[in-house]
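Novice: The sequence shown runs contiguously to residue 221 in this note's numbering.
Where a beta carbon is used, it is the ideal one built from N, C-alpha and C, also for glycine.
Mind having a look at this structure? Questions to follow.
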Amino acid sequence: MDRQYRAMGERIRQARRSKNLTQQDVADALNVSVQSVSQWETGRTRAEPDRLLTLAKLIDSDWEFLADGKPSLVSSSGLMAASELNVLNGYAERLARLVTFQDLGELDLLPVQHPYPNAVDDNTIVVRYAGSGRLFAFEVTEDDNEPLFKIGDLVVIDTGISIRVGDYVVALEMEEYLKNRNTGVFLRQVRGIKLDLEDKTLIELHAVDDFNHKPKLMKLDADYDRIIGTVVEHRKLRRR
-18 MDRQYRAMGE RIRQARRSKN LTQQDVADAL NVSVQSVSQW ETGRTRAEPD
32 RLLTLAKLID SDWEFLADGK PSLVSSSGLM AASELNVLNG YAERLARLVT
82 FQDLGELDLL PVQHPYPNAV DDNTIVVRYA GSGRLFAFEV TEDDNEPLFK
132 IGDLVVIDTG ISIRVGDYVV ALEMEEYLKN RNTGVFLRQV RGIKLDLEDK
182 TLIELHAVDD FNHKPKLMKL DADYDRIIGT VVEHRKLRRR
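This is the structure we're talking about:
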């Protein structure tokens, strides 16, 4: 039995029990058998990436923490306790955690009830207004969205604000993200919002440069593809 599988299984078991969930609860939510859940927790088998993503969301944990024991955007325990949150003299609702663009694909796996950083440091940005949802910031490191978004610029997104035509958004294509987390997250502009024949919301997304990419229709009701957040602030870097 692989030691890494056993360690991952133990993390899954502890997280499940912390939420007072039974193996049957997890099996029903993931549409798998109880035997499969038991085998994950004992380390006999390993959950597939898509199952692991759904499981992490179900138990309010971090995907990388479950898989490797190395949380990327949460505390060392994998969960942020309410007592760790610092009100910071009224600024808590205006704090955005600075993350990498690739990490944006995992933001929906963070515990929703604790959306703010617990301290102000070099990885925290104070924004102008309180967020409707969670606030995150990233630094532009590639030139594929120039000339509007240039290398060094800071972009702040709100995960709870409503989407309007003309907005710039961060979009996630889950199938591509599972293959390569560097290519599954995109910065796009919303050019249209409509309903299909089944009353599902369709978002027409265009690349920022609008020349080298075809527009894409994203169904927001899909299980995987989604809008992660809407750009609410864009801070341009003034080069010396």
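ASP139 by DSSP, collapsed to three states: which one?
Specialist: Locating residue 139 in the sequence shown gives position 158, counting from the first residue. Residue state, collapsed to three classes: strand.
Novice: Below 8 Å, can you find three or more Cβ-Cβ pairs linking the region 149 to 158 to the region 72 to 86?
Specialist: With a cut-off of 8 Å, the region 72 to 86 and the region 149 to 158 count as touching, because enough Cβ pairs lie within range.
Novice: Does the beta-carbon distance from LEU116 to VAL150 come in below 8 Å?
Specialist: Here residue 116 corresponds to residue number 135 of the sequence shown, with the count starting at 1. Here residue 150 corresponds to residue number 169 of the sequence shown, with the count starting at 1. No, Cβ-Cβ distance for LEU116 and VAL150 is not below 8 Å.
Novice: Mind checking which residues open and close the alpha helix (DSSP H) that includes GLU156?
Specialist: Start at 1 with the first residue of the sequence shown, and residue 156 comes out as number 175. Element bounds for GLU156: 155 to 160.
Novice: Just tell me which of ILE142, HIS187, VAL107, LEU2 has its CA closest to the CA of ASP41.
Specialist: Your numbering for residue 41 matches position 60 in the sequence shown. Per the Cα distances, LEU2.
Novice: Measuring only the C-alpha atoms, how far is ILE208 from GLN20?
Specialist: Start at 1 with the first residue of the sequence shown, and residue 208 comes out as number 227. Start at 1 with the first residue of the sequence shown, and residue 20 comes out as number 39. Approximately 33 Å, taken between the alpha carbons.
Novice: For THR122, name the three-state secondary structure that DSSP assigns.
Specialist: Along the sequence shown, one-based indexing puts residue 122 at 141. Correct three-state label for THR122: coil.
Novice: Give the C-beta separation of LEU186 and VAL166 to the nearest angstrom, bearing in mind that I take them to be a contact with Cβ-Cβ under 8 Å.
Specialist: Counting from 1 along the sequence shown, the entry for residue 186 is found at position 205. Counting from 1 along the sequence shown, the entry for residue 166 is found at position 185. Contact flag wrong, Cβ pair sits at about 13 Å.
Novice: What are the start and end residues of the beta strand (DSSP E) that includes LYS23?
Specialist: As a working note, residue 23 is residue 42 in the sequence shown. First, the amino acid is wrong: residue 23 is Thr here, not Lys. Note, THR23: premise wrong, no beta strand (DSSP E); alpha helix (DSSP H) at 15 to 23.
Novice: Between which two residues does the beta strand (DSSP E) carrying ARG172 extend?
Specialist: As a first step, residue 172 must be located in the sequence shown, where it is residue number 191. 166 to 176 is the extent of the beta strand (DSSP E) around ARG172.
Novice: On the three-state DSSP scale, how would you describe THR35?
Specialist: As a working mapping, residue 35 is identified with position 54 in the sequence shown. Residue state, collapsed to three classes: helix.
Novice: For LYS160, verify whether its CB is less than 7 Å away from any heavy atom of the ligand MN.
Specialist: Absent from the structure shown: the ligand MN. Ligands present: none.
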